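Read in order, the letters of the first sequence correspond to residues 52 to 501 in this note's numbering.
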Amino acid sequence: MHMSESVTEKVTYPTIATLSEHEGETIILRGWLYNLRESGKLLFPIFRDGTGTIQGIVPKAAVAPEVFDRIKGLTLESSVIVTGKVRADSRAPSGFELDVQDLEIVQQVSAETPFPISLKEHGVDFLMEHRHLWVRTPRQSAILRVRATIMRAAAEYFDTNGFTRTDPPILTPNACEGTSELFEMDYFDDGKAYLTQSGQLYIEATALALGKVYSFGPTFRAEKSKTRRHLTEFWMIEPEVAYIELDGLMELAENFISHIVARVLEGHRADLKVIGRDVTKLETIKAPFPKISYDEAAAMLAEAFKEGKIENEFVYGNDFGSPDETYISSQFDRPVMVHRYPAAFKAFYMQPDPLDPTKALCVDVLAPEGYGEIIGGSQRIDSYDLLKSRIEEHHLPLDAFQWYLDLRRYGSVPHAGFGMGIERAVAWICGLDHVRETIPFARTLNRIYP
RNA sequence: UCCUGAGUAGCUCAAUGGCAGAGCAUUCGGCUGUUAACCGAAGGGUUGUAGGUUCGAGUCCUACCUCAGGAGCCA
Numbered sequence: 052m053h054m055s056e057s058v059t060e061k062v063t064y065p066t067i068a069t070l071s072e073h074e075g076e077t078i079i080l081r082g083w084l085y086n087l088r089e090s091g092k093l094l095f096p097i098f099r100d101g102t103g104t105i106q107g108i109v110p111k112a113a114v115a116p117e118v119f120d121r122i123k124g125l126t127l128e129s130s131v132i133v134t135g136k137v138r139a140d141s142r143a144p145s146g147f148e149l150d151v152q153d154l155e156i157v158q159q160v161s162a163e164t165p166f167p168i169s170l171k172e173h174g175v176d177f178l179m180e181h182r183h184l185w186v187r188t189p190r191q192s193a194i195l196r197v198r199a200t201i202m203r204a205a206a207e208y209f210d211t212n213g214f215t216r217t218d219p220p221i222l223t224p225n226a227c228e229g230t231s232e233l234f235e236m237d238y239f240d241d242g243k244a245y246l247t248q249s250g251q252l253y254i255e256a257t258a259l260a261l262g263k264v265y266s267f268g269p270t271f272r273a274e275k276s277k278t279r280r281h282l283t284e285f286w287m288i289e290p291e292v293a294y295i296e297l298d299g300l301m302e303l304a305e306n307f308i309s310h311i312v313a314r315v316l317e318g319h320r321a322d323l324k325v326i327g328r329d330v331t332k333l334e335t336i337k338a339p340f341p342k343i344s345y346d347e348a349a350a351m352l353a354e355a356f357k358e359g360k361i362e363n364e365f366v367y368g369n370d371f372g373s374p375d376e377t378y379i380s381s382q383f384d385r386p387v388m389v390h391r392y393p394a395a396f397k398a399f400y401m402q403p404d405p406l407d408p409t410k411a412l413c414v415d416v417l418a419p420e421g422y423g424e425i426i427g428g429s430q431r432i433d434s435y436d437l438l439k440s441r442i443e444e445h446h447l448p449l450d451a452f453q454w455y456l457d458l459r460r461y462g463s464v465p466h467a468g469f470g471m472g473i474e475r476a477v478a479w480i481c482g483l484d485h486v487r488e489t490i491p492f493a494r495t496l497n498r499i500y501p
């Protein structure tokens, strides 16, 4: 297809998001046709450019006849280069309109294969099957912009607080924690390799080298989970810090989350409006966060059951189920940190509480409004002998953990870290009902296309 | 893996066991301020697949496929 020179020539073009700074100016917009309405000799094309949408107005008398016909014949999502004058107009949702003077078609979408995502409602299956086109819609674009800011703010928090980013391998020789289902692949003549389910064990090593470290990358779980909170491939950011204990870890987590939310509020009011998010729910998210022990949370659940506020009776000693987490988090207006769970159902590497060795020095951060766990973390066992016996108790292969045990042999110190699932954080901050909308191309149990 | 639910036009959905329909999208026509514009017309169907019951099945039965929600597990 022939592209005109103006697509690539060196000119600056204001984006739609910044048009308020160009009132009265004639500008050139490069984008796509989002919608087209007409009323007799008046055309109302709506353009998008990835930063927003703006309605153009084209009176037949105001432009050359061939320009009018060209616009009138446009199909949705055709790519166009528009010349027009920015004008403030109280009737426009954004406050501005574009008096179109000229329009060049870069590529016209064929009417025989119209853009499949209409402005009406669609089902989940259809939208996911067309995810490559769905991302063009205003709401999905807004979510992806917020996601980008959340990821940037998360990394920025650690980068500006003395952490060194040390990304762990994605291909690993064995299961990190022994329990989860992993994606398996052949690794030359050395047998099997697995896609990482967490970089935690590796960043414990780099934390003892560099003090404060974090990792940020994709993580894989082959669990056959089919819920609104699960993806088989998701992004996790994990700090690990030498010489901090559980209290320090909790302080880190609440400051970290507060920073991310502040950054989103700072730069994405318009996007959150498009998404339909109630921002007053985000404006309360400031450290310190409420902190309760597992025992206190369990007591809350017991009381709620007695008063008939929840249906299922919680059995002390078990992990919280999804409805339990929802109830606990609904009691607070900001994320709640639940600490000191029973060690019995927690990972083998968690440091026992010296005051009650049946409990682990761990913390889960439950997001408000029923979003559940967005962070899980703990203080790690620093004693060689205890860690070794835990590995044996969990029937994990001692050989594979020799390097991990070495960390307790050579200058072991108290250390702690947590992991935050990016998609769950995005779902909460954007107020979405499913994590599949929080990532450009979600990988779920039943979908690996497109 | 288990439980529950859903598959009908490109999309979203109707249709008591008795003529397979509407809105949107597409095409054509109308309208000088439309806001998922509106008004008129046209084209568009192997009712997920394979069997079965019945005079007759989109509808009832069986199996399978696909998808969704939830449980378990987790971030």
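The beta-carbon is built from N, C-alpha and C at its ideal position, and this holds for glycine as well. Since this is a predicted model, take the numbers as computed values, not measurements.
Just to confirm, are residue i and residue j a CB contact at a threshold of 7 Å?
i      : j      : result
Gly423 : Glu376 : yes
Ile432 : Gln402 : yes
Ile122 : Val109 : yes
Leu252 : Phe271 : no
Ala260 : Leu233 : no
Ser380 : Leu417 : yes
Phe356 : Glu364 : yes
Leu297 : Leu412 : yes
Met179 : Arg494 : no
In the structure shown, what three-state DSSP assignment does residue i receive?
i      : result
Ser506 : Nothing in the structure corresponds to residue 506, since the chain is present only between 52 and 501.
Thr270 : strand
Leu125 : coil
Asp436 : helix
His173 : coil
His485 : coil
Glu305 : helix
Lys342 : strand
His183 : helix
Tyr455 : helix
Val315 : helix
Ile156 : strand
His446 : coil
Arg475 : helix
Leu84  : strand
Glu89  : strand
Ser373 : helix
His281 : coil
Lys275 : coil
Pro220 : coil
Phe469 : strand
Ser145 : coil
Gln106 : strand
Val292 : strand
Val151 : strand
Tyr208 : helix
Ala68  : helix
Lys410 : strand
Lys324 : helix
Gln251 : helix
Applying the 10 Å Cβ sphere with the 16-neighbour rule, what's the burial state of residue i?
i      : result
Phe267 : buried
Phe396 : exposed
Gln430 : buried
Lys410 : buried
His390 : buried
Asp469 : Residue identity check: residue 469 is Phe in the sequence provided, not Asp. The residue is buried, with at least 16 neighbouring Cβ atoms inside 10 Å.
Glu255 : buried
Val175 : exposed
Ala162 : exposed
Cys481 : buried
Glu89  : exposed
Phe239 : exposed
Glu60  : Residue confidence for Glu60 is low, a pLDDT of 48 falling below 50, so the modelled location carries little weight; the figure read from the coordinates is stated next. That one is exposed.
Under 8 Å by Cβ, that's how I've got residue i and residue j pegged, so tell me the actual separation to the nearest angstrom.
i      : j      : result
Pro290 : Leu282 : Not quite, the Cβ-Cβ distance comes to about 22 Å (not below 8 Å), so this is no contact.
Thr200 : Ile168 : Going by Cβ atoms, the distance from Thr200 to Ile168 rounds to 25 Å, so no, they are not a contact pair.
Ile78  : Val118 : Not confirmed; about 17 Å, so no contact.
Thr211 : Val264 : In fact, because the Cβ distance is near 15 Å, the residues do not count as touching under 8 Å.
Val504 : Met301 : As shown, the chain starts at 52 and ends at 501. That puts residue 504 outside it, with no answer to give.
Leu447 : Phe399 : 7 Å
Val197 : His310 : In fact, because the Cβ distance is near 15 Å, the residues do not count as touching under 8 Å.
Pro219 : Gly250 : 3 Å
Contact between the stretch 470-484 and the stretch 417-431: three or more CB pairs below 8 Å?
Segments in contact, yes.
Please determine if the stretch 318-337 and the stretch 380-387 are in contact, where contact requires at least 3 C-beta pairs separated by less than 8 Å.
In short, these stretches touch, since the Cβ pair count reaches three.
Does the stretch 151-170 come close enough to the stretch 123-138 to have 3 or more Cβ pairs within less than 8 Å?
Flag = yes, the stretch 151-170 and the stretch 123-138 touch.
Does the count of Cβ pairs from the stretch 100-109 and the stretch 76-88 closer than 8 Å reach three?
Yes: at least three Cβ pairs fall under 8 Å.
Closer than 8 Å is the cut-off here; do at least three beta carbon pairs connect the stretch 308-328 with the stretch 184-199?
Segments in contact, yes.
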